[in-house]
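A.B. asks: Numbering-wise, the numbering used here puts 289 at position 36 of the sequence shown, and it's gapless, one number per residue.
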Amino acid sequence: MAGEESVHLLPNEIGGIPLAVTLRGTQVENVHNGHIAVVDSDGQLVAGVGSPDVLAFMRSTAKPLQAIPILQAGVLDAYGLSSAAIAMLAASHRGEPAHLAALLTMLKQTGVKEEQFVFHAGLPLEGDAREEWIKQGGRPRKLFHNCAGKHIGLLAACQLQGWRAEGYAEPEHPVQQEIKHWISFVADMPVDCLSGGFDGCGLPVYAIPMRKLALVYARLAAPPMDWEESVRATIARITSGMNEHPELVEGKGRLASLLLSAPHTIAKSGAQGVFAVGLRNEQLGLIVKVSDGSEPAWPAIVSEALKQLGAMGIIAQETAQGLSGRIDAAFPAELRNDADRIVGKREAVFKLDSYV
254 MAGEESVHLL PNEIGGIPLA VTLRGTQVEN VHNGHIAVVD SDGQLVAGVG
304 SPDVLAFMRS TAKPLQAIPI LQAGVLDAYG LSSAAIAMLA ASHRGEPAHL
354 AALLTMLKQT GVKEEQFVFH AGLPLEGDAR EEWIKQGGRP RKLFHNCAGK
404 HIGLLAACQL QGWRAEGYAE PEHPVQQEIK HWISFVADMP VDCLSGGFDG
454 CGLPVYAIPM RKLALVYARL AAPPMDWEES VRATIARITS GMNEHPELVE
504 GKGRLASLLL SAPHTIAKSG AQGVFAVGLR NEQLGLIVKV SDGSEPAWPA
554 IVSEALKQLG AMGIIAQETA QGLSGRIDAA FPAELRNDAD RIVGKREAVF
604 KLDSYV
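Shown next, in the form of structure tokens:
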């Protein structure tokens, strides 16, 4: 069978190793395999498990990089956009009222039209917001797509740069070429080594080695001192906006928003199991890739990784305990059923290897 043949063609390491398990009672119900890479801003792999060279599509973890050409085009100052708008440029929003309000303000200030977006209309992703919108008689609209903020920014950049709006999502369009340049630069990879596809919102998306994605987040958290000051300032403005408005970047009940509320931490989720953390003080990037694309094990995995990095002395114990404590409080290990009975738990099962 073709399916059986394709499985045999997979590299041995691509599926990763067990990172977490879900227990129902005392029995393992699910095993969450994957990879972890921890890299400093010089590109040195300092810790990890699985394979640091496995390719991972960046998905929405690319959004802070995709915002760079938007800021460099002068969109913020030309249209008087606020720090909340910066957060929305990097957001995977959930369609909550605050998200919709921020997006409507961005449309008004930039003159971008909702119908220009290349993707389809939809409903809010967040359950309560979706229920309330439907109850009010609301119809699907493109602003509810989780990438809408980024698309407003890209179309506004096209306006200022004199680039055509048509085809703005195509790989050869100037705004996409700019994005590709910045991914290449920050990830320290030749442009022709970026393996591409298309993301859910219609834009090009690139698969890069885990260690390179971790490098990206180390450098987003702490841009190297030998970079041009304008580049460092642009990145700082993006990540500061994310920290100032963590609830806009994703939303309630989201791990990335929780971590962004810590001032020296940046975080962003990506579809299909990718989660990124950048630690400013330590100048480190931490990437988790759950191989089957699921998200529920992220909190257990990220919390345990931070605890182990603290125990190894790679990050300060204060940082490790502070961040993991936030995660553990917001995302309890115990699992409850619809009758509010504790029926199991989710726990990490990996041990990081140290490379320093």
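Heads up, the beta-carbon is just placed ideally off N, CA and C, and yes, glycines get one too.
Between C454, G380, G278 and A583, which lies nearest to V371 when the distance is taken from Cα to Cα?
C.D. replies: Counting from one through the sequence shown, the residue named residue 371 turns up at place 118. When each option's Cα is compared against that of V371, the closest is C454.
A.B. asks: Using beta carbons (cut-off 7 Å, strictly below), is K521 in contact with chain D?
C.D. replies: In summary, chain D is missing from the structure at hand, where a single protein chain is found.
A.B. asks: Label A354 either buried or exposed according to how many other C-beta atoms from any shown protein chain fall within 10 Å of its C-beta, with 16 as the threshold for buried.
C.D. replies: Locating residue 354 in the sequence shown gives position 101, counting from the first residue. It is exposed - the Cβ of A354 has fewer than 16 other Cβ atoms within 10 Å.
A.B. asks: Name the DSSP bridge partner or partners of Y470?
C.D. replies: Here residue 470 corresponds to residue number 217 of the sequence shown, with the count starting at 1. None, per the DSSP bridge assignment.
A.B. asks: Given A467, which residues of its chain have a CB within under 7 Å of its CB, disregarding the five upstream and five downstream residues?
C.D. replies: Along the sequence shown, one-based indexing puts residue 467 at 214. Around A467: A290, V291, V292, G538, L539 and I540.
A.B. asks: Would you call S259 buried or exposed, if buried means 16 or more other Cβ atoms sit within 10 Å of its Cβ?
C.D. replies: Taking the first residue of the sequence shown as position 1, residue 259 is located at position 6. Residue placement at S259 is poorly supported in this model, since its pLDDT is 47, which falls under 50; the coordinates still yield a value, given next. S259 comes out exposed.
A.B. asks: Could you say which of H517, A558, A573 and T572 lies nearest to H288 if we only look at CA atoms?
C.D. replies: Against the sequence shown, residue 288 aligns to sequence position 35. Checked all of H517, A558, A573 and T572; the closest Cα to H288 is A558.
A.B. asks: Which stretch, first to last residue, makes up the beta strand (DSSP E) that contains D581?
C.D. replies: Here residue 581 is taken as the residue at index 328 of the sequence shown, counted from 1. No beta strand (DSSP E) contains D581, which is instead part of the alpha helix (DSSP H) from Q570 to A583.
A.B. asks: Do you know whose CA, among E535, L588 and F584, lies nearest S294's CA?
C.D. replies: In the sequence shown, the residue the question calls residue 294 occupies position 41. Nearest of E535, L588 and F584 to S294, Cα basis: E535.
A.B. asks: Assuming contact is defined by CB atoms lying nearer than 7 Å, are L512 and A520 in contact in what I supplied?
C.D. replies: The residue given as residue 512 occupies position 259 in the sequence shown. The residue given as residue 520 occupies position 267 in the sequence shown. The answer is yes: Cβ separation under 7 Å.
A.B. asks: Leaving out five residues before and five after V527 in sequence, what residues of the same chain have Cβ atoms less than 6 Å from its Cβ?
C.D. replies: The residue you call residue 527 lines up with position 274 of the sequence shown. Only A309, R312, T314 and K542 meet the Cβ criterion.
A.B. asks: Look up D199 in the DSSP assignment and give the residues it is bridged to.
C.D. replies: There is simply no residue 199 to check, as the chain begins at 254 and stops at 609 in what is shown.
A.B. asks: Quick check on the DSSP output: the alpha helix (DSSP H) that includes R490 runs from which residue to which?
C.D. replies: For this step, residue 490 is matched to residue 237 along the sequence shown. Its alpha helix (DSSP H) spans residues E482 to E497.
A.B. asks: For the segment 410 to 419 against the segment 335 to 342, are there 3 or more C-beta pairs whose distance is under 8 Å?
C.D. replies: Result no; under three Cβ-Cβ pairs closer than 8 Å.
A.B. asks: Taking all protein chains shown into account, do 16 or more other C-beta atoms lie within 10 angstroms of the C-beta of H373, making it buried, or fewer, making it exposed?
C.D. replies: In the sequence shown, counting from the first residue as 1, residue 373 sits at position 120. Exposed: under 16 other Cβ atoms inside 10 Å.
A.B. asks: Report the partner residues of S522 according to the DSSP bridge assignment.
C.D. replies: Position 269 of the sequence shown, counted from the start, is the residue given in the question as residue 522. S522 pairs with F528.
A.B. asks: By how many angstroms is the C-alpha of R347 removed from the C-alpha of L399?
C.D. replies: Working through the sequence shown from its first residue, we reach residue 399 at position 146. Working through the sequence shown from its first residue, we reach residue 347 at position 94. Checking the displayed sequence, the identity of residue 399 turns out to be Asn instead of Leu. Roughly 6 Å between the two C-alpha positions.
A.B. asks: Should E600 be counted as a contact of the ligand ADP given a C-beta to heavy atom distance under 6 Å?
C.D. replies: Ligands are entirely absent from the displayed structure, and the ligand ADP is therefore not among its contents.
A.B. asks: Work out the CA separation of E431 and T487 for me, nearest whole Å.
C.D. replies: As a working mapping, residue 487 is identified with position 234 in the sequence shown. As a working mapping, residue 431 is identified with position 178 in the sequence shown. Using only the alpha carbons, I get a separation of about 14 Å.
A.B. asks: Any idea if I567 is buried or exposed, counting beta-carbon neighbours within 10 angstroms, 16 or more meaning buried?
C.D. replies: Along the sequence shown, one-based indexing puts residue 567 at 314. Burial call: buried.
A.B. asks: Would you say the segment 457 to 476 touches the segment 502 to 511, given that touching needs at least three Cβ pairs under 8 Å?
C.D. replies: Touching, no, given that fewer than three Cβ pairs across the two stretches are closer than 8 Å.
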